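Student: Below you'll find the structure I mean.
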Amino acid sequence: MPFGFVGFGLRLVILTWMLPDKTCAGDLITDPVEPVLPESSLLKPKVLIAFLARNAEHSLPYFLGCIDRLDYPKDRIAVWAAADHSMDNTTAMLQEWIRGVTGQYHSVHWTSAEEPSSYADESGPKHWPDSRFSHVMKLKQAALQAARALWADYILFVDADNMLTNRRVLTEMMAENLTVAAPMLESRVLYSNFWCGMTPQGYYRRTPEYIPIRNWKRQGCFAVPMVHSTFLVDLRRSATRALAFHPPHQDYSFPLDDIMVFAFSARQADVQMYICNREHYGYLPLPLKQQQSQEEEVESFSHTLTEALSEALNTSRLLAMGIDMLPGYKDPYSGRVLTRGEIGCFLSHYKIWKQVAELGLRRVLVLEDDVRFEPRFRSRLMTLLENVDRVRLDWDLIYIGRKRLQVKQPEPWVEGVSNLVHPDYSYWTLGYALSLQGAKKLLGAQPLGKMLPVDEYLPVMFNKHPKEEYMAQFERRDLLAFSVEPLLLFPTHYTGEPGYFSDTETSTIWDDEATATDWDRENDQRRGKPDGQGRPTPSGSAAEGVPPLSSASKHREEL
23 MPFGFVGFGL RLVILTWMLP DKTCAGDLIT DPVEPVLPES SLLKPKVLIA
73 FLARNAEHSL PYFLGCIDRL DYPKDRIAVW AAADHSMDNT TAMLQEWIRG
123 VTGQYHSVHW TSAEEPSSYA DESGPKHWPD SRFSHVMKLK QAALQAARAL
173 WADYILFVDA DNMLTNRRVL TEMMAENLTV AAPMLESRVL YSNFWCGMTP
223 QGYYRRTPEY IPIRNWKRQG CFAVPMVHST FLVDLRRSAT RALAFHPPHQ
273 DYSFPLDDIM VFAFSARQAD VQMYICNREH YGYLPLPLKQ QQSQEEEVES
323 FSHTLTEALS EALNTSRLLA MGIDMLPGYK DPYSGRVLTR GEIGCFLSHY
373 KIWKQVAELG LRRVLVLEDD VRFEPRFRSR LMTLLENVDR VRLDWDLIYI
423 GRKRLQVKQP EPWVEGVSNL VHPDYSYWTL GYALSLQGAK KLLGAQPLGK
473 MLPVDEYLPV MFNKHPKEEY MAQFERRDLL AFSVEPLLLF PTHYTGEPGY
523 FSDTETSTIW DDEATATDWD RENDQRRGKP DGQGRPTPSG SAAEGVPPLS
573 SASKHREEL
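Laid out in structure tokens, this is it:
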């Protein structure tokens, strides 16, 4: 039975090979073990960023700059853009940007049309006839289909006038692990990119839940019936296959509007929308009314770029500039001495005062870089200055934004000028108007050799500082100071709020580079909200950036 023996022999060999061999085991123990290589990190999810641009040359440089600065690998981002029906330089600007970034992003797709520059049935560039809604819906549907064709994991829809200033917004939204998540965007009023309530007809409905979310009283991600303007869709979710902008869902019977159509599509697909406000993510402009012009939109979006002080403030530099701290100065709350951040802040103001004096500028407006403008800021300020000129008021400095400290006793009004008071001791130098005479007085006191924070220096110079020992070191204290009331500027962030950062507190002692000053600011009254003062809340029908609805209120600008 040779076959049987062969089989037995084979089985015997296998069993012998499987038996433990003490000699081999000993060899395995003594031989060095090869290192186990760690697994490499996962690639970031693929995301397509889609935006449409029309008459957007005023916002495109800022918008595209925000996109370029996103903290996300560009080779994992595809860009889908469209531009048409523009009367300005939008198309050429977008072409130039695309030429510059081609090769940086995974892919860049764009479509454009120079003609026509308007819709046949529109009354102006801010009018939304059905033909415009239909066109926009088709473009957004094309972007959605392009993302699916690229096997993108996510698609970010963003309007070309939304400023995503938080560079981690993509990563933050992805980490929420939601099908549709929108980063809450800010405006000058309570208007934002979400609704908390919706009528059965698909229109906006006011709810008590809106303001606490919009004002960060409640923080997190909240289920809402509508997000728009900027939002992220997780295309890995099976339910997103049913999401669509065009054609509208077969059961949709409401007015043509891309955001309403998409929200209806989400509801029919059992997809919940969420608004997230854990951080400050960016800004969006107030929508204009149908009858307003393109020039008014540009004006509402205007920004002023200012030069920032960037010199390194090391010890040798401070000595060379003759900088010394005011003898006896201590921060009123922490007890610390002057910080280098405070010196840098003072020097940025001092540099402006010098330029005003050297150039002979009659009056200037000085603004810090973290201010929030009140509605109609420009027109209200111009009206105030016209009234000041009318009564020939002699002035050196007018606070536009500050932190009032004497809130229990009202400050006296200036006779003959509405909305102007004689200020008492105040903190912050958010913004102020300065005359040539005022600049010369501030420089004439030679403050570099006896420096204190600039918001302490100003009250000294108009003789309203509570510390007599500080004022005694400045012989001439005749600065003619006034303040707007109500204020026209507020900080973008207060102590403890998401996104708050202080470059005056997180610094080092002025004469010791080794001593950090990252003080506990949670209860720091100097940087916190003024007593009884929160973020200014507009009143009236625009409290949520939305006027009352009527049968005619069916345009995007009124939702």
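Per the numbering used here: the sequence shown = residues 23 to 581.
Positions of the beta carbon are idealized from the N, C-alpha and C atoms, including for glycine.
Note that the structure is predicted; figures quoted are calculated from it, not measured.
Taking DSSP as the reference, what is the three-state secondary structure of residue 297?
Tutor: Residue 297 falls in the strand class under three-state DSSP.
Student: In whole angstroms, what is the alpha-carbon distance linking residue 453 and residue 128?
Tutor: Using only the alpha carbons, I get a separation of about 43 Å.
Student: Can you give me the start and stop residues for the beta strand (DSSP E) that residue 453 sits inside?
Tutor: Element bounds for residue 453: 448 to 457.
Student: Within 10 angstroms of its Cβ, does residue 122 collect 16 or more other Cβ (buried), or is it exposed?
Tutor: Classification of residue 122: exposed, given that the 10 Å Cβ count is below 16.
Student: How close, in whole Å, do the beta carbons of residue 510 and residue 396 come, if the pair is a contact with beta carbons under 8 Å?
Tutor: Indeed, because the Cβ distance is near 5 Å, the residues count as touching under 8 Å.
Student: So what's residue 513 in DSSP terms, helix, strand or just coil?
Tutor: If DSSP states are grouped into helix, strand and coil, residue 513 belongs with the strands.
Student: List the residues that DSSP assigns as beta-bridge partners of residue 131.
Tutor: According to DSSP, which records beta bridges pairwise, residue 131 is partnered with 102.
Student: Taking residue 74 as the reference, give the member of 235, 160, 64 with the closest Cα.
Tutor: With distances taken between Cα atoms, residue 74 lies closest to 160.
Student: Indicate whether residue 250 and residue 515 have their beta-carbon atoms separated by less than 8 Å.
Tutor: Taking 8 Å as the Cβ cut-off, residue 250 and residue 515 do not qualify as a contacting pair.
Student: Thinking C-beta only, is residue 345 closer than 8 Å to residue 480?
Tutor: It is not a contact, given that the beta carbons lie outside the stated cut-off.
Student: Could you pull out every unbroken beta strand (DSSP E) segment of at least 3 residues lying fully inside the stretch 227 to 300, listed in chain order?
Tutor: Here the runs fully enclosed are 243 to 246, 252 to 256, 295 to 298.
Student: Could you pull the start and end residues of the beta strand (DSSP E) that residue 385 belongs to?
Tutor: Element bounds for residue 385: 385 to 389.
Student: Using 8 Å as the cut-off, can you tell me whether the stretch 417 to 434 makes contact with the stretch 447 to 467, which would need three or more C-beta pairs spanning the two stretches below that distance?
Tutor: These segments touch.
Student: Quick one: Cα of residue 369 to Cα of residue 507, how far?
Tutor: When rounded, the distance between both Cα atoms is 28 Å.
Student: Check for me: the alpha helix (DSSP H) holding residue 413 runs from which residue to which?
Tutor: Element bounds for residue 413: n/a, residue is neither H nor E.
Student: For a test of the three-state rule: what should DSSP assign to residue 112, helix, strand or coil?
Tutor: DSSP places residue 112 in helix when its eight states are reduced to three.
Student: Can you tell me whether residue 158 is helix, strand or coil according to DSSP?
Tutor: In this structure, residue 158 counts as helix in the three-state DSSP scheme.
Student: Given residue 176, which residues of its chain have a CB within under 7 Å of its CB, disregarding the five upstream and five downstream residues?
Tutor: If we look at residue 176 and ignore the five residues flanking it on each side, its Cβ neighbours are 67, 69, 196, 254, 255, 256, 257.
Student: Please state if the CB of residue 156 and the CB of residue 65 are separated by a distance shorter than 8 Å.
Tutor: Contact: no.
Student: Reducing DSSP to helix, strand and coil, say where residue 535 ends up.
Tutor: Bear in mind that the predicted position of residue 535 carries a pLDDT of just 48, short of 50, making it too unreliable to give a figure here.
Student: Taking 8 Å as the threshold (C-beta atoms), are residue 473 and residue 374 in contact?
Tutor: Cβ atoms of residue 374 and residue 473: not closer than 8 Å.
Student: Under 8 Å: do the stretch 168 to 184 and the stretch 138 to 158 share three or more Cβ pairs, one atom per stretch?
Tutor: Contact fails: fewer than three Cβ-Cβ distances are below 8 Å.
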